[in-house]
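Remarks on the structure that follows.
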Amino acid sequence: MPMKLKRIKRPVVRIDTRPQMPLFDGDRDAMPVRDGTAVSRPLRFVEPDPREIRFGALGLDEHLKQMGVTDALVVRELLARCDWSAFEARYAPDGRPSYAPRLMTGIVLFGLRRGVSSLRELERFARTDLGCMWVSGGITPDHSVLGRFIQRHEAELSRELFAAVVDEALKRTGSNRDRLAGDGTTLEAMSSRFALMKREALAQWRERLGQSGGDGAEAERAQVDQLCAVLAEREQAKAIVPAEPEAGLLRLKNGRGSRPAYEALVLANKARVVVDAQVHSTSEIAPMKELLERLDGEQTQELLLDAGFANDFELIERTVAQEISLLCPERAETTQGKEPRLIPLREFRYDEERDGYVCPQGKWLRATNRCAGNAAEGRRPYVRYTASALDCGGCVRRATCTDAKVRSIQRTQGQEYKEALRVVMAQPRAKRIFAQRKAMVEPVFSVLRERQGLHRFRRKGLAGVRLELRLHLIAYNISRAVAYAQRRAGRGIFGLIQQLLGLASAIVGDAQRIGSVAKRMIPGLRYSPRPRLIPAQAV
Numbered sequence: 093m094p095m096k097l098k099r100i101k102r103p104v105v106r107i108d109t110r111p112q113m114p115l116f117d118g119d120r121d122a123m124p125v126r127d128g129t130a131v132s133r134p135l136r137f138v139e140p141d142p143r144e145i146r147f148g149a150l151g152l153d154e155h156l157k158q159m160g161v162t163d164a165l166v167v168r169e170l171l172a173r174c175d176w177s178a179f180e181a182r183y184a185p186d187g188r189p190s191y192a193p194r195l196m197t198g199i200v201l202f203g204l205r206r207g208v209s210s211l212r213e214l215e216r217f218a219r220t221d222l223g224c225m226w227v228s229g230g231i232t233p234d235h236s237v238l239g240r241f242i243q244r245h246e247a248e249l250s251r252e253l254f255a256a257v258v259d260e261a262l263k264r265t266g267s268n269r270d271r272l273a274g275d276g277t278t279l280e281a282m283s284s285r286f287a288l289m290k291r292e293a294l295a296q297w298r299e300r301l302g303q304s305g306g307d308g309a310e311a312e313r314a315q316v317d318q319l320c321a322v323l324a325e326r327e328q329a330k331a332i333v334p335a336e337p338e339a340g341l342l343r344l345k346n347g348r349g350s351r352p353a354y355e356a357l358v359l360a361n362k363a364r365v366v367v368d369a370q371v372h373s374t375s376e377i378a379p380m381k382e383l384l385e386r387l388d389g390e391q392t393q394e395l396l397l398d399a400g401f402a403n404d405f406e407l408i409e410r411t412v413a414q415e416i417s418l419l420c421p422e423r424a425e426t427t428q429g430k431e432p433r434l435i436p437l438r439e440f441r442y443d444e445e446r447d448g449y450v451c452p453q454g455k456w457l458r459a460t461n462r463c464a465g466n467a468a469e470g471r472r473p474y475v476r477y478t479a480s481a482l483d484c485g486g487c488v489r490r491a492t493c494t495d496a497k498v499r500s501i502q503r504t505q506g507q508e509y510k511e512a513l514r515v516v517m518a519q520p521r522a523k524r525i526f527a528q529r530k531a532m533v534e535p536v537f538s539v540l541r542e543r544q545g546l547h548r549f550r551r552k553g554l555a556g557v558r559l560e561l562r563l564h565l566i567a568y569n570i571s572r573a574v575a576y577a578q579r580r581a582g583r584g585i586f587g588l589i590q591q592l593l594g595l596a597s598a599i600v601g602d603a604q605r606i607g608s609v610a611k612r613m614i615p616g617l618r619y620s621p622r623p624r625l626i627p628a629q630a631v
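Everything in the sequence shown is counted per this note's numbering, starting at 93 for the first residue and increasing by one.
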């Protein structure tokens with residue numbers, strides 16, 4: 093017979109939380125009495141002063157300045173200017189003081205700037221890095237405290253702090269939101285590709301659960317139903333990760349094939365400050381529409397997007413409604429020299445008065461079919477225009493125009509906006525402005541990957557990856573402010589050197605004039621303001 097396990101009982105010790113007895117009888121009246129009224133007390137935080145940290149005979153800040161590590165000084169000063177009231181509102185005045193939210197956030201952001209994103213690595217980083225000690229005041233929270241802090245302040249980090257750092261970065265870089273550039277990339281999810289489950293396997297799993305009974309399978313059935321619902325929305329998806337269904341199966345841009353990943357989009361200005369960002373499971377268009385809704389047409393006049401967004405009619409219509417000038421080419425720059433096999437729609441000219449198209453050979457295409465579309469399924473109304481069999485039969489360009497008997501064209505509702513955009517992009521000024529897009533936004537993801545180590549998300553789910561991306565972008569925007577601060581400091585030193593050189597030149601000129609005057613006054617005097625070099629033979 094199997095051995096029967098004996099339950100171990102341990103004594104439970106509870107701490108007496110009643111008010112402590114007074115040390116002297118005279119203090120009895122000073123004891124707090126709980127009469128049901130709340131006593132307001134000021135919030136207390138552990139917030140040490142980093143100026144008390146010494147490195148030899150120097151203070152830590154002086155040592156960092158001498159070593160040229162001035163980014164920590166800028167980061168601490170920038171974070172001190174942000175409003176932390178939303179963070180502090182989550183703490184109670186009673187109990188042991190917590191670490192100041194500004195210092196905890198400083199550890200996370202300063203570590204991300206240095207490519208440290210693991211909680212255990214951040215714990216070690218806060219204890220060993222001198223720059224981080226200045227930012228954090230020398231506090232040493234462990235990885236669990238850092239993790240709970242991030243989870244506790246997820247909303248404040250994503251909203252209030254992100255907006256505050258964006259405003260501060262715009263102010264320090266002297267830039268604004270008048271011209272923005274958008275770009276997206278694919279970032280690998282935390283879940284492994286080996287955890288993918290195909291549609292067929294998911295259907296078999298669902299069938300087995302349907303045949304089995306019992307209350308224990310209810311939770312499993314609910315999970316399978318949720319996975320099936322997600323796959324039903326993704327018609328092109330072949331597999332899904334049960335542990336992270338929000339991650340889509342996407343092709344990575346680093347040549348590593350298709351893996352669970354997310355689409356991340358950012359909007360940056362001319363100073364490469366990221367003003368907004370969003371993450372989506374499978375699409376770049378959907379998050380860009382969300383970013384457009386948050387844009388203010390009075391602050392943003394121009395929006396620069398790559399060719400991948402030119403095919404979405406709703407996105408173009410939203411920019412028109414918000415009075416934002418959209419610059420977006422029809423074709424990507426990588427395909428400018430590659431002509432399509434068949435003549436594209438842009439080669440046909442639409443005649444609005446006659447409601448028809450004229451082909452490149454001058455033949456007429458008339459309206460033959462009209463479809464009302466289906467708003468519920470996302471299908472827009474369209475009109476089909478078709479050429480005559482006689483015109484297409486004897487055309488010399490038929491082989492490069494159509495594979496059917498006649499050429500037909502589908503004109504979707506909103507096509508006039510794409511045609512207007514095509515005319516705008518043909519202007520030289522629009523081309524010059526759009527040429528700035530690469531330098532404005534594409535370096536953002538290069539910095540996130542190569543300097544901050546964001547090759548793969550460390551959190552699961554849309555909420556987790558959105559928070560993680562926002563933290564990385566906050567650290568990135570701080571880096572932009574640091575870069576401009578160091579640039580100004582460099583210009584200041586360079587200007588001082590120029591002044592010293594000018595002063596030295598003036599002194600030399602005065603010495604030369606004094607020498608010439610003395611030579612005229614004292615005959616035979618030989619005076620030279622420049623030092624003489626001793627010949628090598630005389631040494």
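Ideal placement from N, C-alpha and C gives every residue a C-beta, glycine not left out. Predicted model only: the values in this text are computed from it and were never measured.
Margin query: So, under 8 angstroms CB-CB, V539 and D163 are touching, yes? Tell me the CB distance rounded to an integer number of Å.
Written below: Contact flag wrong, Cβ pair sits at about 14 angstroms.
Notebook entry, point to check: In whole angstroms, what is the alpha-carbon distance linking K530 and V358?
Noted result: 13 angstroms
Checklist line | For Q370, three-class secondary structure by DSSP | finding: strand
Note to self: Suppose only complete runs of 4+ residues qualify. What are the alpha helix (DSSP H) ranges in the region 230 to 312, listed by chain order?
What the structure shows: The DSSP assignment places 235 to 244, 254 to 265, 291 to 303 as complete runs of the alpha helix (DSSP H) inside the region 230 to 312, in order along the chain (cut-off: 4 residues).
Checklist line | Rounded distance between the beta-carbons of V536 and Y568, thought under 8 angstroms | finding: 7 angstroms
Next item on the list: Quick one: give me the first and last residue of the beta strand (DSSP E) that G448 is part of.
Entry: 448 to 450
Item checked: Backbone secondary structure at K500 - three-state DSSP -> Per the sequence presented here, residue 500 reads as Ser, with Lys not at that position. S500: strand per DSSP, three-state reduction.
Notebook entry, point to check: Can you give the Cα-Cα distance for Y449 and Q519, rounded to whole angstroms?
Noted result: 24 angstroms
Item checked: Start and end residues, alpha helix (DSSP H) containing W226 -> 222 to 228
Checklist line | Candidates I231, Q393, A321: closest to A413 by CA position | finding: Q393
Notebook entry, point to check: In terms of residue numbering, what span does the alpha helix (DSSP H) encompassing D153 cover?
Noted result: 152 to 159
Item checked: Length of the line joining the Cα atoms of M282 and L211 -> About 15 angstroms.
Check: Does the distance from the CB of L222 to the CB of L156 come in under 8 angstroms?
Finding: yes
Notebook entry, point to check: If you run the structure through DSSP and keep just helix, strand and coil, what is C484?
Noted result: Shown here, C484 sits in a helix according to DSSP, grouped into three states.
Item checked: Straight-line gap, G274 to A369 (C-alpha atoms, nearest Å) -> 9 angstroms
Check: So, helix, strand or coil for G584, using DSSP?
Finding: Caution is warranted here: a pLDDT of 48 is assigned to G584, below 50, making its placement in the model unreliable, and the coordinate value is therefore given only provisionally. Looking at G584 - three-state DSSP - the assignment turns out to be helix.
Check: Per DSSP, which one or two residues make a beta bridge with V167?
Finding: DSSP lists no partner for V167.
Item checked: Contact belief for L288 with L319 at Cβ below 8 angstroms, rounded distance in angstroms -> About 12 angstroms; that fails the 8 angstroms criterion.
Notebook entry, point to check: By Cβ distance, which residues of its chain are closer than 7 angstroms to R173, with the 5 residues on each side in sequence left out?
Noted result: E260
Next item on the list: Closer than 8 angstroms by C-beta to K330: which residues in its own chain qualify, once you throw out the five before and the five after it? Chain order, please.
Entry: K290, R291, L341
Note to self: Going by DSSP in three states, Y619 sits in which element: helix, strand or coil?
What the structure shows: Low confidence applies to Y619: its pLDDT is 43, below 50, so where it sits in the model is not reliable, and the reading given next is rough at best. The answer is coil: DSSP assigns Y619 none of H, G, I, E or B.
Next item on the list: Could you spell out the range, first to last residue, of the beta strand (DSSP E) harbouring S375?
Entry: Per DSSP, S375 belongs to no beta strand (DSSP E) and is neither H nor E.
Check: Applying the criterion that 16 or more other CB atoms from any shown protein chain within 10 Å of the CB defines a buried residue, is P352 buried or exposed?
Finding: By the neighbour-count rule (16 or more Cβ atoms within 10 Å), P352 is buried.
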